Amino acid sequence: MKIFFFGGTFDPPHNGHETIVNYCLEKCDKLIIVPNKKSPHKKNHPIASAKQRKKMLSILFAHNKINICEFELKSSINNYTYLTIDYLKKNINHQI
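Converting from the sequence shown to the working numbering requires adding 1035 to each position, the first position being numbered 1.
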């Protein structure tokens, strides 16, 4: 099973995100979208709340091959990709 990971702030989700997701869906069996609380490389905080961004993603990407992972939204620290990949590897039974 091929699993892809797509992380970002998604503030808000836009056509560029949708294009990437649609491309990934053609290439994988499952797509895990991981919105972050705040990008560690950006000074400004997201305008939309974590709950609002998750809801927007859930509406825009309602597909049986897509899971929205809240790991970074619920984390008490700013996560980097390697930490999220490590979490996903430990918590799913397939290769990422």
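Heads up, the beta-carbon is just placed ideally off N, CA and C, and yes, glycines get one too. None of the values given here were measured: they were computed from a predicted structure.
Task: Contact set for asparagine 1102: own chain, Cβ-Cβ below 6 Å, skip 5 residues either direction - done: Ile1067
Open item on the list: Going by DSSP, what residue range makes up the alpha helix (DSSP H) through isoleucine 1127?
Closed with: Here isoleucine 1127 belongs to no alpha helix (DSSP H), and DSSP marks it neither H nor E.
TODO: Assign glutamate 1107 to buried or exposed, taking buried as 16 or more other Cβ atoms, counted over all protein chains shown, within 10 Å of its Cβ.
DONE: It counts as buried.
- [ ] Can you tell me which of the three DSSP states phenylalanine 1039 falls into?
- [x] Note: phenylalanine 1039 maps to strand in three-state DSSP.
Open item on the list: Considering just the uninterrupted stretch of the beta strand (DSSP E) at asparagine 1057, what are its terminal residues?
Closed with: Not the beta strand (DSSP E): asparagine 1057 falls in the alpha helix (DSSP H), residues 1050–1062.
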